[in-house]
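Undergrad: Residue numbers (numbering that gives the first Met the number 0), protein chains in the order written: chain A, 0 to 296; chain V, 0 to 202. For reference, the structure I am asking about is given below.
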Amino acid sequence: MSKTIKAVTLLLASGVMGAYSFCLAAESILHTERSLYRNITIYENGSERCMRFTKQTTTRQTCISLKYPDYLVFKYTKMMLGALYLQPKPDKILIIGLGGGTLPSTLSRILPKAKIDTVEIDPAVVHVARKYFNFRITPTVNVSEEDGRVFVKRAIKKGNRYDLIILDAFDHDYIPEHLLTQEFLGEVKQVMTPGGVLAANTWSSSRLYDHESATYESVFGRFFNLRFGSRVILVKNDGLPSRSEIIKNAKTLEAQLKTFGVRADYLLPLFSTSRDWRIDARILTDQYSPSNLLNAH
Amino acid sequence: MNVLNRPLIFLIAGWSGFFVMAVELLSGRILAPNFGNSIYVWGGIITIFMLALSIGYLIGGRLSIRKPSLKKLSIILMVAAVSTTPVVLMGDAVPDRIFTLIQDPRYGSLISATMLFFLPTMISGIISPYAVRLLVIESSQSGHFAGLLYFVSTFGSAAGTILTSFYLVLYFELNHIFWTMIGISLLISAFSFFVGQKHVENN
């Protein structure tokens, strides 16, 4: 009996100490900030520098590798670059949701001539992206600090069109519900060029997955559905290209994308068009958009 | 005083509290397609609702001086419900139009919220002080009844907030929620109008 207690105590003690030392080794906090919308924490854990909006380390918004700054740490960022397989030479790019600015920074390296508009609702996020994640505002890359939907509405009015639109405004914990409705996606479609491509990063799981899929399909028809931990939806305005065309584009881009850890043999098998959702799921609209409630179920 | 009068006054005040907060929560959804969901938009909405309520209280207090009756209170509830119908009928058109004129989400949402929500919220604000007047018979009891009425109406607001944000939006479209609430207001006001009519002279 006493032996068991000793063993358990020892186990517990070592567990606690292990966890403690793990925490110590795991992160050093560089910066915390309470912004208009969230608590932002920038921290390093040895090889990576990350940003998070919550107290838990598990939901990271963005990370860069300190040793290999070009390398994309997140799977979803690589999956988003799969959009280039559908549209290898976008001249005008719109990115909604900045995070650490990884996507605009990477895209402007791949396509130095492309004009990139980014939109971020939280000025503090723009600030930390520039300070801690090497995000640069340049003659070709600019930031608008406002709501994504307002930006798109205004772009429609001005007649601006984009060859590539990246929707990256969602995270595990919160979905801006007005950016996941049939009406909003219809507005996005209006600012896409005829051959334009939309890449959307969504974290949807459980019930929301069905609703989201049905909503995208109602606006764009068939789409590529990349699922690997996260979920990325790839849409082309004038219909999905053939697989042979995608493979051709992937080959052309391979050398350029390798620097960032994006490889065709990794991405291409993820390009799925199978409808693995409940097709009769209710479509999300401005009238009915309980995305966060659906995601929590 | 009719035995039903007092419960009906509380019912009207509680339901009105429910109504105002449910409308306020949903108003964010009506403005989001044009002005987004930023903190400015919520700031604009809350400002307009508070301003409208404050003016409503002022008017309600004045109105209660001359021959107050449950019948008149019922009419106020009915007018509040009817003045909410433009929210449903023009909930798209007004913000769309304002957006073409003012694209700054702060002033755009402020103006849209004023046009759609100021009037119904102001009229709802009339109800509380008016209801206090109907309840109070002796001045020594005024604080007691004012407290009870604040309790009922604010409790109604709490119920309207949680039911709308946790459950109603999960099952219904915005317009269905609005029409149903307008319908409930009309039913309550019609019922208390006829019950209150016969017994108002006793008050």
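Glycine residues also receive a C-beta, built at the ideal position from the N, C-alpha and C atoms.
Would you say residue 187 of chain A lies against chain V (beta-carbon separation less than 9 Å)?
TA: Locating residue 187 of chain A in the first sequence gives position 188, where the first residue counts as 1. No, its Cβ sits nowhere closer than 9 Å to a Cβ of chain V.
Undergrad: Output, in sequence order along the chain, the residues in the region 158-175 of chain V whose CB is closer than 7 Å to any CB in chain A.
TA: If the cut-off is 7 Å between Cβ atoms, the region 158-175 of chain V has 168, 169, 172, 173, 174 near chain A.
Undergrad: Since residue 50 of chain A sits in a beta bridge, which residues does DSSP pair it with?
TA: What you label residue 50 of chain A is simply residue 51 of the first sequence in a count that begins at 1. Answer is A:41, A:61, bridged to residue 50 of chain A.
Undergrad: Rounded to the nearest angstrom, what separates residue 148 of chain A and residue 61 of chain V at their Cα positions?
TA: Along the first sequence, read from residue 1 onward, the residue named residue 148 of chain A stands at position 149. Along the second sequence, read from residue 1 onward, the residue named residue 61 of chain V stands at position 62. Those two C-alpha atoms are separated by around 43 Å.
Undergrad: Alpha carbon to alpha carbon, what distance is there between residue 117 of chain V and residue 201 of chain V?
TA: Start at 1 with the first residue of the second sequence, and residue 201 of chain V comes out as number 202. Start at 1 with the first residue of the second sequence, and residue 117 of chain V comes out as number 118. Confidence at residue 201 of chain V is low in this model, with a pLDDT of 41, below 50, so its placement is unreliable and the value that follows should be read with caution. If you take the alpha carbons of residue 201 of chain V and residue 117 of chain V, they lie about 34 Å apart.
Undergrad: At what residues does the alpha helix (DSSP H) containing residue 143 of chain V begin and finish?
TA: Locating residue 143 of chain V in the second sequence gives position 144, where the first residue counts as 1. That run of the alpha helix (DSSP H) goes 141-162.
Undergrad: Could you have a look at residue 177 of chain V and say whether DSSP puts it in helix, strand or coil?
TA: As a working note, residue 177 of chain V is residue 178 in the second sequence. If DSSP states are grouped into helix, strand and coil, residue 177 of chain V belongs with the helices.
Undergrad: Applying the 10 Å Cβ sphere with the 16-neighbour rule, what's the burial state of residue 254 of chain A?
TA: Stepping through the first sequence from its first residue, residue 254 of chain A is reached at position 255. Under this definition residue 254 of chain A is an exposed residue.
Undergrad: According to DSSP, is residue 216 of chain A helix, strand or coil?
TA: On the first sequence, residue 216 of chain A is found 217 positions in, with the first residue counted as 1. Here residue 216 of chain A sits in helix by DSSP.
Undergrad: Can you confirm whether residue 215 of chain A, when its beta carbon is compared against all beta carbons of chain V, has any partner nearer than 9 Å?
TA: Within the first sequence, numbered from 1, the residue matching residue 215 of chain A stands at position 216. For residue 215 of chain A, the answer is no, since every Cβ of chain V falls outside 9 Å of its Cβ.
Undergrad: Find the residues of chain V that neighbour residue 152 of chain A, judging by a C-beta separation of less than 7 Å, and give them in chain order.
TA: For this step, residue 152 of chain A is matched to residue 153 along the first sequence. Here the neighbours are 33, 98.
Undergrad: Ordered along the chain, which non-local residues of its own chain (more than five positions away) have a Cβ less than 8 Å from that of residue 199 of chain V?
TA: For the purposes of this step, residue 199 of chain V is identified with residue 200 of the second sequence, where counting begins at 1. Caution applies to residue 199 of chain V, whose pLDDT of 45 falls short of 50 and renders its modelled position unreliable; the model cannot decide the point.
Undergrad: By the DSSP assignment, the alpha helix (DSSP H) with residue 73 of chain A in it spans what residues?
TA: Translated into the one-based positions of the first sequence, residue 73 of chain A becomes position 74. Here residue 73 of chain A belongs to no alpha helix (DSSP H), and DSSP marks it neither H nor E.
Undergrad: Leaving out the 5 sequence neighbours to the left and right, which residues in its chain are closer than 8 Å to residue 54 of chain V when beta-carbon positions are compared?
TA: Working through the second sequence from its first residue, we reach residue 54 of chain V at position 55. Here the set comprises 121, 124.
Undergrad: For the beta strand (DSSP E) containing residue 235 of chain A, list its first residue and its last residue.
TA: Working through the first sequence from its first residue, we reach residue 235 of chain A at position 236. Looking at the DSSP string, the run of the beta strand (DSSP E) that includes residue 235 of chain A is 229-235.
Undergrad: For the region 158-222 of chain A, list the beta strand (DSSP E) runs that are entirely contained and at least 3 residues long, ordered along the chain.
TA: Segments of the beta strand (DSSP E) lying fully in the region 158-222 of chain A: 161-166, 191-201.
Undergrad: Applying the criterion that 16 or more other CB atoms from any shown protein chain within 10 Å of the CB defines a buried residue, is residue 198 of chain A buried or exposed?
TA: For the purposes of this step, residue 198 of chain A is taken as residue 199 along the first sequence, with counting starting at 1. Label assigned to residue 198 of chain A: buried.
Undergrad: Does the Cβ of residue 0 of chain A have 16 or more other Cβ atoms within 10 Å, making it buried, or fewer, making it exposed?
TA: Residue mapping note: residue 0 of chain A aligns to position 1 of the first sequence, counting from 1. Unreliable positioning characterises residue 0 of chain A in this predicted model, as indicated by a pLDDT of 49, which lies under 50. A coordinate reading is not provided.
Undergrad: Using a C-beta to C-beta distance shorter than 7 Å, which residues of chain V count as neighbours of residue 289 of chain A?
TA: The residue you call residue 289 of chain A lines up with position 290 of the first sequence. Simply 168, 169.
Undergrad: So which residues on chain A does residue 104 of chain V lean against when the C-beta distance must stay under 8 Å?
TA: Locating residue 104 of chain V in the second sequence gives position 105, counting from the first residue. Those are 145, 146, 149, listed as they occur along chain A.
Undergrad: Beta strand (DSSP E) containing residue 291 of chain A: first to last residue?
TA: Working through the first sequence from its first residue, we reach residue 291 of chain A at position 292. Looking at the DSSP string, residue 291 of chain A is not in any beta strand (DSSP E); the run it does join, the alpha helix (DSSP H), is 290-295.
Undergrad: Residues in the same chain with beta-carbon distance under 6 Å from residue 188 of chain V, minus the five sequence neighbours each way, listed in chain order, please.
TA: The residue labelled residue 188 of chain V in the question sits at position 189 within the second sequence. Here the set comprises 73, 76, 77.
Undergrad: Could you tell me the boundaries of the beta strand (DSSP E) in which residue 95 of chain A lies?
TA: Working through the first sequence from its first residue, we reach residue 95 of chain A at position 96. Run containing residue 95 of chain A: 91-95, per the beta strand (DSSP E) assignment.
Undergrad: Residue 224 of chain A by DSSP, collapsed to three states: which one?
TA: As a first step, residue 224 of chain A must be located in the first sequence, where it is residue number 225. Strand.
Undergrad: Below 6 Å CB to CB, which residues in the same chain sit around residue 105 of chain A once its five sequence neighbours on both sides are set aside?
TA: Here the question's residue 105 of chain A lines up with position 106 in the first sequence. Only 259 meet the Cβ criterion.
Undergrad: For residue 165 of chain V, is the classification buried or exposed, using 16 other Cβ atoms within 10 angstroms of its Cβ as the cut-off for buried?
TA: Taking the second sequence and counting its residues from 1, one reaches residue 165 of chain V at position 166. Exposed: under 16 other Cβ atoms inside 10 Å.
Undergrad: Quick check: is the beta carbon of residue 37 of chain V nearer than 9 Å to any beta carbon in chain A?
TA: For this step, residue 37 of chain V is matched to residue 38 along the second sequence. Yes - at least one Cβ of chain A is within 9 Å of the one on residue 37 of chain V.
Undergrad: Relative to chain V, which residues along the region 153-174 of chain A have a C-beta separation below 8 Å, given in chain order?
TA: Cβ contacts with chain V: 153, 156.
Undergrad: Looking only at its chain, what residues have a beta carbon closer than 7 Å to the beta carbon of residue 146 of chain A, apart from the 5 residues adjacent to it on each side?
TA: Taking the first sequence and counting its residues from 1, one reaches residue 146 of chain A at position 147. So the list reads 120, once near-sequence residues are dropped.
Undergrad: Decide if residue 66 of chain A is buried, meaning its Cβ has at least 16 other Cβ atoms within 10 Å, or exposed.
TA: What you label residue 66 of chain A is simply residue 67 of the first sequence in a count that begins at 1. Label assigned to residue 66 of chain A: exposed.
Undergrad: Taking Cβ-Cβ distances shorter than 9 Å, what residues in chain A pair up with residue 28 of chain V?
TA: In the second sequence, counting from the first residue as 1, residue 28 of chain V sits at position 29. Chain A residues near residue 28 of chain V: 176, 177, 285, 286, 288.
Undergrad: Hey, is residue 22 of chain V's beta-carbon within less than 9 Å of any beta-carbon in chain A?
TA: Within the second sequence, residue 22 of chain V is the residue found at index 23, counting from 1. No, because no Cβ of chain A sits closer than 9 Å to the Cβ of residue 22 of chain V.
Undergrad: Along chain V, in chain order, which residues have C-beta atoms closer than 7 Å to that of residue 120 of chain A?
TA: Here residue 120 of chain A is taken as the residue at index 121 of the first sequence, counted from 1. By Cβ distance, chain V contributes 37.
Undergrad: Taking 8 Å as the cut-off, is the C-beta of residue 268 of chain A nearer than that to any heavy atom in the ligand MN?
TA: This structure lacks the ligand MN, and indeed carries no ligand of any kind.
Undergrad: Name the two residues that bound the continuous alpha helix (DSSP H) containing residue 113 of chain V.
TA: As a first step, residue 113 of chain V must be located in the second sequence, where it is residue number 114. Run containing residue 113 of chain V: 104-134, per the alpha helix (DSSP H) assignment.
Undergrad: Report buried or exposed for residue 40 of chain A, applying the criterion of at least 16 other Cβ atoms within 10 angstroms of its Cβ.
TA: By one-based count along the first sequence, residue 40 of chain A stands at place 41. Burial call: buried.
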